[in-house]
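Structure first, then comments.
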Amino acid sequence: MPEAFKEHFNADAVLQLAEQLQQVWHDFDQQGFIARVAPNLAPLELKQRSDLIRQSLHEFLPADFEQAVAILCSALAPKSPQGWQGSDAPGISGWMIMPVADYVAEHGQQQVELSLSALKQMTSRFSSEFAIRPFLQQHPQQTLSTLQQWLHDDDEHVRRLISEGTRPRLPWGVRLTQFIDEPSTMIPLLEALRDDPSDYVRRSVANHLNDIAKDHPELVAELSRCWSQGANEQRMRLLRHACRTLIKQGHQATLAVFGYGEPQLEGLAFTVTPARIRLGDSICLELTVSAAVEQSLVIDYAIHHQRANGTTRAKVFKWRQAQLSGGEEASWQKQHAIKPITTRNYYPGRHQVDVLINGQVMASAQFELQQ
Numbered sequence: 142m143p144e145a146f147k148e149h150f151n152a153d154a155v156l157q158l159a160e161q162l163q164q165v166w167h168d169f170d171q172q173g174f175i176a177r178v179a180p181n182l183a184p185l186e187l188k189q190r191s192d193l194i195r196q197s198l199h200e201f202l203p204a205d206f207e208q209a210v211a212i213l214c215s216a217l218a219p220k221s222p223q224g225w226q227g228s229d230a231p232g233i234s235g236w237m238i239m240p241v242a243d244y245v246a247e248h249g250q251q252q253v254e255l256s257l258s259a260l261k262q263m264t265s266r267f268s269s270e271f272a273i274r275p276f277l278q279q280h281p282q283q284t285l286s287t288l289q290q291w292l293h294d295d296d297e298h299v300r301r302l303i304s305e306g307t308r309p310r311l312p313w314g315v316r317l318t319q320f321i322d323e324p325s326t327m328i329p330l331l332e333a334l335r336d337d338p339s340d341y342v343r344r345s346v347a348n349h350l351n352d353i354a355k356d357h358p359e360l361v362a363e364l365s366r367c368w369s370q371g372a373n374e375q376r377m378r379l380l381r382h383a384c385r386t387l388i389k390q391g392h393q394a395t396l397a398v399f400g401y402g403e404p405q406l407e408g409l410a411f412t413v414t415p416a417r418i419r420l421g422d423s424i425c426l427e428l429t430v431s432a433a434v435e436q437s438l439v440i441d442y443a444i445h446h447q448r449a450n451g452t453t454r455a456k457v458f459k460w461r462q463a464q465l466s467g468g469e470e471a472s473w474q475k476q477h478a479i480k481p482i483t484t485r486n487y488y489p490g491r492h493q494v495d496v497l498i499n500g501q502v503m504a505s506a507q508f509e510l511q512q
């Protein structure tokens with residue numbers, strides 16, 4: 142079973158952090174820091190453990206912020222191309238950057254230039270995407286101006302921070318409501334990164350656009366139309382990933398960007414078997430279509446899950462894409478497991494399954510989930 146994320150902040154990691162800080166600043170109370178943190182980790186979850194380390198850094202580092210940041214930056218591991226995975230070299234890297242960068246965010250709001258410089262160094266060892274967000278909230282113009290200067294930095298982790306750190310709906314991060322309300326603020330920076338040589342950076346741009354699409358679908362659809370003009374396959378992959386939510390929603394203007402128009406079919410058959418299952422079983426979806434003309438199809442399916450209050454809620458799942466010639470018939474099958482997962486509770490009853498082609502419900506079938 143994979144190790145829980147919280148175990149990145151264990152007693153051994155705290156010991157290593159204390160040793161690294163003591164090597165840089167000989168007055169650091171290594172034993173006091175360990176005694177303050179290590180015995181209190183066990184009952185805490187990931188963020189709570191990180192917060193305990195951050196608070197303890199404030200307690201044991203010099204009160205002078207400039208001196209404290211100099212110590213932290215001097216204790217960083219050498220830059221590593223692995224980024225998120227950290228480094229085996231001595232020094233702070235990997236997950237331990239989270240509380241260290243959060244320390245900068247909490248105590249560095251009065252020294253923005255120094256703090257952003259520190260976060261730039263730290264993001265090369267993990268990511269500062271969470272720690273930079275308070276600066277975007279409290280010092281937006283200065284922070285955005287600094288990000289503008291980083292657009293051509295040699296380090297892909299720094300360039301990725303420009304897009305990832307400003308995502309309006311970054312998972313685990315505080316929402317940047319100013320970018321939710323005014324998404325156009327970030328478009329010039331995203332446009333500058335759309336053809337970045339790093340797939341790591343381009344994927345972040347796509348995820349940022351997907352965030353925007355949740356609040357401003359028409360903006361992302363139009364932006365995708367503009368960016369698709371004369372685009373190479375690399376950029377089109379970015380746009381497809383950026384528009385994944387809109388495509389699943391059947392947003393017609395977005396589908397048109399990728400050549401998905403009104404389905405023109407001569408025939409369609411859709412079945413779901415078996416008709417009755419129990420939790421842990423799978424259903425089999427079978428679809429056969431006959432194309433009237435040559436066309437591109439994006440095929441998804443939606444399951445209307447039963448809820449505790451007797452209503453249903455649809456969840457769209459990706460199936461496949463297809464390119465058919467006029468008169469061509471094609472058939473596909475899809476297995477879908479109905480088994481417990483942490484993000485969904487299943488309730489017995491009738492479940493409807495829709496097949497969607499180019500965003501439109503073309504047929505439906507049902508199965509019964511039994512107790």
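Whatever position you read off the sequence shown (first residue = 1), add 141 for the working numbering. Even glycine gets a Cβ: it sits at the ideal position worked out from N, Cα and C. Note that the structure is predicted; figures quoted are calculated from it, not measured.
Are there 16 or more other CB atoms within 10 angstroms of the CB of residue i, so buried, or fewer, so exposed?
i, result
"P180", "exposed"
"V210", "buried"
"P324", "buried"
"D205", "exposed"
"G421", "exposed"
"N373", "exposed"
"G371", "exposed"
"P262", "First, the residue type needs correcting, since residue 262 is Gln and not Pro in the sequence shown. Q262 should be labelled buried."
"I303", "buried"
"D322", "exposed"
"T452", "exposed"
"A507", "The sequence given here places Gln at residue 507; Ala does not occur at that position. By the 10 Å Cβ count, Q507 comes out exposed."
"R300", "buried"
"V315", "exposed"
"Q476", "exposed"
"C384", "buried"
"E305", "buried"
"I482", "exposed"
Considering residue i, what are the terminal residues of the alpha helix (DSSP H) in which it resides?
i, result
"E291", "Going by the sequence as given, residue 291 is Trp instead of Glu. Segment: none, W291 is in no alpha helix (DSSP H) and carries neither H nor E."
"L162", "152-165"
"E332", "328-334"
"I233", "It is not in any alpha helix (DSSP H) - I233 carries neither H nor E in the DSSP assignment."
"H199", "187-201"
"I212", "206-215"
"A176", "171-178"
Considering residue i, what are the terminal residues of the beta strand (DSSP E) in which it resides?
i, result
"L426", "423-432"
"R485", "First-last for R485: undefined, no H or E at that position."
"I444", "436-447"
Among the options, which residue has its Cα nearest to the Cα of residue i?
i, options, result
"Q509", "E470, P415, Q164, S365", "A quick correction: the sequence has Glu, not Gln, at residue 509. Measuring from the Cα of E509, the nearest candidate turns out to be P415."
"Q279", "D296, Q447, Q250, R301", "Q250"
"L465", "Q289, F276, E435", "E435"
"E254", "H167, R301, L317, L288", "L288"
"S505", "A410, G421, P275, L330", "A410"
"V502", "L292, D340, P358, P404", "P404"
"E270", "Q252, V245, Q283", "V245"
"A362", "R177, L158, V398, M377", "V398"
"L379", "T412, M239, P338", "P338"
"S431", "L406, H357, I424, M239", "L406"
"N486", "A463, G467, N450, N499", "N450"
"F458", "G468, Q447, R419, G391", "G391"
"A272", "L311, Q157, S221", "L311"
"A354", "D340, T386, I328", "T386"
"I212", "A259, G173, L350", "A259"
"Q512", "R491, V178, L158", "R491"
"A463", "G402, T412, I424, Q196", "G402"
Quick one: what does DSSP say residue i is sitting in, helix, strand or coil?
i, result
"M503", "strand"
"Q319", "helix"
"L510", "strand"
"L497", "strand"
"G467", "coil"
"A455", "strand"
"Q252", "coil"
"S258", "helix"
"S221", "coil"
"A246", "helix"
"M142", "Low confidence applies to M142: its pLDDT is 38, below 50, so where it sits in the model is not reliable enough to give any reading."
Subject >> Length at least 4, wholly inside the stretch 260-317: the alpha helix (DSSP H) runs in chain order >> reply: 274-279, 281-290, 297-305
Subject >> Length-filtered (3 minimum) beta strand (DSSP E) runs lying within the stretch 377-423 >> reply: 406-414, 417-419
Original post:
Which parts of the stretch 338-383 are runs of the alpha helix (DSSP H), unbroken and 4 residues or longer, counting only runs that do not cross its ends?
Top reply: 340-354, 358-369, 374-383
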